[in-house]
Amino acid sequence: MTSSPYHILQGNLNRSARAQDLLIQSMAERLTHLAVVAEPYRVPSVPDWAGDIDGLVAVVQRRSAVGAPPEFDVVQRGRGFVAVFWAGLLVVGVYFSPNRPLAEFESFLDELGQVVGRSRSRRALVLGDLNAKSSAWGSPVTCPRGRETEEWLVGSGLVVLNRGAENTCVRRSGGSVVDVSFATPDVARRVCGWEVLVDVETLSDHRYIGFRVAAAPESSSVTTLPFGGGVEGPRWALKRLDTERLQEAAVVQAWRLDSLGEPADVREGAERLREAMSRVCDYAMPRVRAYAPRRQVYWWNEGIAGLRRRCAGSRRKYQHLRRRRRRDEEEEDRAYEEYREDVRALRVAIGEAKEAAWKELLETLDRDPWGRPYRLARSTMRSWAPPATSTLPPDIVRHVIGGLFPDAPGTPFVPPVMITPTTGAQIGAEEEEVSPAEFGAAIEKMKARRTAPGPDGLSNRAWALALQTEGGLGPVLRGLLSRCLREGRFPEEWKTGRLVLIPKEGRPRDQPSGYRPIVVLSEAGKLLERVVAGRLVRHLENVGPNLADSQYGFRRGRSTLDAVQRVRDLSDQACSRGGVLLAVSIDISNAFNTVPWSTILESLRFHRVPTGLRNLIEDYLAGRAVVFPERRGWGHKAVSCGVPQGSVLGPLLWDVGFDWVLRGANLRGVQVICYADDTLVTARGDDYRSASILAAAAVATVVARIRKLGLEVALHKSEAVCFHPARKGPPPGASITIGGTAIAVRSQLKYLGLVLDSRWSFDRHFDVLVPKLLGAAGALARLLPNIGGGGKSVRRLYLGVVRSMALYGAPVWSPTLSARNAALLQRVQRVLAVRVVRGYRTISTEVACALAGSLPWEYEAEVLAAVYRRRAQSLGRGSVPRLSVVARWRRAARRVATLKWKERLAAEEIHRGSRTRRRTLAALVPVLEAWIDRRHGVLDFRLTQVLSGHGCFGRYLWRVGREPHPGCHQCGHPDDDAQHALEACPRWEYPRQSLVAVLGADLSLPVVVSRMVEDERCWRAMADYADLVMTLRETEERERECDPNSVALRRKRRGGRRGRRAPAQLP
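Here is the structure:
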């Protein structure tokens, strides 16, 4: 079976942003699969771009092109070259500057030859700009570089693909052939249509080169899923779901299933139900099909297309004049200038189109804050990429999946005996029917989660609608689940999951350790899992024995914070008595996927789980499998141990199976704390020496018990930290030895998302966290321009997104938060607080937070800590607090924190900051609570300028170096600040009369702010006045910027990239 040929494009962009934009459009309209570009404007950090070390050359793939090959693996990066493995070829993009000496060029070719020689397929393409001329590829002359390249080609076994003598680089002074295409002989035989695209405008002085490469023959055998839907499996367009049609179809299919009678077994029942639900989905929404790829980018329009054609025409006209025998230089100059004008118009049009498209995108934020702009900013929306299993070579896929899901040994694993006959008696009667309440609760939990559909393609939203429709499929599925419980059987097709490999950052892609496996299961099967999990939890809590108290993972009412807080409590107890606490983390290799099923079943017997439930769980574990997409169809791997990650019941079964480790008889002063498989062993001692001896013995005991369960421990990944008071720390280079492996005792330990240090200062935690927060805040700030963009609710929502990231673990680190770390938090909060109020970036942190009504995050942390403490106290008394009670606690804690903030702002107002800052705080502090709690009024760009004093005022512009004096241009007053514009400048007397009529004669800022908070009418009057006055001031300021007779510091600054001139720009 042969596929369509691959289309390849080659060019040089001369570091031009618009040339790069035009390249992406050219790839779309020509259905190009791959492009090699020299001198790109930038190399985006996305999977479809691969650049060299210096950003001189890049290889770009377009996955959405029809017939795009799945693999795109970077083989090697160097200075001036990048090599990727794509479509069975080694594609090497190259660029070498004309300004570098010949000796360096020779070394460059030697390194390039080694890269090509190491190609595992010996099928290679070398494409790019070497700035070398030779008659071998159409140049009229051969330069020294050309001769070196000719010799290198012979030694490397490459042939030249260039055809003809058309110039690839055209400038006003002349042209040259410097863009080259080389290939190994077998690849060269597959290349056709090589040409220089002379009639395509590139916005660069280099022309595109295009050609096709015939695809290698492939096997015609294709493996499909048993659920139908072709090679990719069944999928439905959920966005086009018709709810009424789905409910109608659910009722019809329920009648049909009733007419078929009782199925022979649960397997047949599950198949019937899946087929019925597939018919329901077919009736309610269309299936997802392969669509034709877009032939244009999002900003492309017919106007830009016309300008591009015009550029091509004017260039042809100019080149035609240059080829005349009798040349007219004046006419050539006019033709060249006409061409340059057309190029400039095209560049401007592309920029304006992209800006308009971006603004249009931002306008959608109010309708969907989590939509496309948000996902773009947070880098969660990538161009489509195939699953990892379909991009890797088959042998690597087998190695990775075999390592993640190892086969159980031939001899069945025998776990330790956890139960004696005297404690193994059956407790109580078993419920065999799924009650309506139990079934309804499982559906509600399914609806609350947004998960990908399993191999059958049936989504949880469609299932929920079909099951909750009166007369729909609910009774049918409830009856099937009850039968599963009675017979102790779990349908086979619900045990097969679709495997998704999530790459781990910084890990090798050819090793099992480089991926986190997620198994996506059928939603119908997960409903049964929820029923079983609910019954198992009720048994453990009400009958028991329950899980150990030191297990915090996947348990109701427990969290990672509880586990970390437990470690801190133990540390505080030890240090308060003058001792130390040594904590050692234990890494269990591939824990969830390797726990033996016999271990889980033995643990269920220890916990005296009813026989019927045990039988169902045993059948749930047996005969499991995962399917995964490969290059040709689907692969299949039987699973013989472990619990599926991505299931509902799997995490609970892990807790049950691992519980025996936590029940071991620990030595005095030893505690084992666990969150799922994250295990931490702590040992308390009077000094480091005694604690380390105790810790070594305790860790050895825990490791031995873990291994008895059939699990493996990676001691080389274990870490240790010593919590100690002053002058009782471990000696330099301290370590403890377990089984011949030395575990270094360091000053910090990452545990459950927090970086714990020996003194609980959390300095290192915030050093790691704050750059990530700044990146997220900066990305979201792009979506929130001063004019336009999302409204108040969207801006506060995005502020809350970053706040939740920053305040993770607040109950643990808040009590000892240092001024240094609080300042780091304020730095992040200020970025988004300024965006919330649409202000200049020079506004201080305190003013920005006050205007935004955003409590400083160090106080927010105190609120979370206070609520956490009260909730922990209530749980300790055996009482689970209601949500209304927790909300009341939170309101009380916020009142206390707001009063503390108000006192701090009052001190700022009196003792610190500039006059402008004090003016704003003096107005806000008296009404701070009312300002935060108000239900009306939105701050816009111009109102914020008047309130903050940072804007188009003479004093502010003078302070930032944009005016030679702080005076007023309208009336000549020597000090033009925001208050002068508000109540004194005679230029604004007429609009001020309307403001006074609403607010009163006193226009001091404290009075104005107080009236704005009290009355929405006053707010609107103030906003209208600010909008009128500041709009006119901005217009006049722009006129002064463009005036060539203005002083130099006032004129608009031009030239250079934005990144270089950003510090000199107005905020």
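Here the sequence shown stands for residues 1 to 1067, numbered as in full-length UniProt numbering.
Even glycine gets a Cβ: it sits at the ideal position worked out from N, Cα and C.
If you follow the alpha helix (DSSP H) that residue i is part of, which residue opens it and which one closes it?
i	result
D1027	E1016 to C1042
H765	D763 to A781
F953	Unbroken run through F953: none, as it is neither H nor E.
P144	P144 to S156
Y336	E329 to L362
Run through the DSSP bridge pairs and tell me what residue i is partnered with.
i	result
S4	Answer is none; S4 lacks a bridge partner.
D678	Y675
W49	V60
F511	The amino acid occupying residue 511 in the given sequence is Gln; Phe does not appear at that position. According to DSSP, which records beta bridges pairwise, Q511 is partnered with nothing at all.
Q748	D757
So is residue i buried or exposed if we call it buried at 16+ other beta carbons inside 10 Å?
i	result
Q426	Confidence is the limiting factor: at Q426 the pLDDT is only 49, short of 50, which leaves the residue's position unreliable and the question unanswerable from this model.
V639	buried
V414	exposed
G424	Low confidence applies to G424: its pLDDT is 44, below 50, so where it sits in the model is not reliable, and the reading given next is rough at best. Exposed: under 16 other Cβ atoms inside 10 Å.
R171	exposed
R530	buried
G454	buried
Q873	exposed
C1042	exposed
W494	buried
S278	buried
P610	buried
S220	Legend: pLDDT at S220 = 47, less than 50; position of this residue unreliable, no value from coordinates given.
L694	buried
A848	buried
A1062	Only weak support is given to the placement of A1062: the predicted model assigns it a pLDDT of 35, under 50, and the value that follows is read from those uncertain coordinates. When all chains shown are included, A1062 counts as exposed.
I401	buried
C971	exposed
Q1065	For Q1065, the predicted structure reports a pLDDT of 32, less than 50, and the residue's modelled location is therefore unreliable. The matter cannot be settled from this model.
R240	exposed
K526	buried
Which value, in whole angstroms, describes the spacing of the CA atoms of residue i and residue j?
i	j	result
G193	V213	9 Å
Q20	Q10	12 Å
residue 1070	S314	The structure shown does not extend to residue 1070, since the chain is modelled only from 1 through 1067, so no value can be given for it.
R367	P785	17 Å
G669	V927	54 Å
S204	A183	25 Å
N615	E602	12 Å
V288	W236	5 Å
E111	A833	51 Å
Y318	L102	35 Å
E39	I53	12 Å
A691	A683	6 Å
T2	R556	Residue placement at T2 cannot be trusted, given a pLDDT of 48 that sits under 50; what the coordinates show is reported in the next sentence. Answer to the nearest angstrom: the Cα atoms are 56 Å apart.
R1038	N131	45 Å
A312	G157	38 Å
P412	Y620	18 Å
A462	V252	15 Å
R981	R955	Here residue 981 is Ala; the residue named in the question, Arg, does not match the sequence. One C-alpha to the other measures close to 11 Å.
F723	S571	6 Å
G269	A254	13 Å
K637	L404	11 Å
Taking the beta strand (DSSP E) that residue i belongs to, which residues open and close that run?
i	result
F182	D179 to A183
S176	G174 to S176
E811	In the sequence under discussion, the amino acid at residue 811 is Pro, which differs from the Glu named in the question. Where P811 is concerned, there is no enclosing beta strand (DSSP E), although the alpha helix (DSSP H) it sits in stretches over A810 to W813.
Measure the CB-CB distance between residue i and residue j and report whether it falls below 8 Å.
i	j	result
G685	V580	yes
A861	L921	no
S522	I673	no
A776	V802	yes
S948	I843	yes
W86	E71	yes
L783	A377	yes
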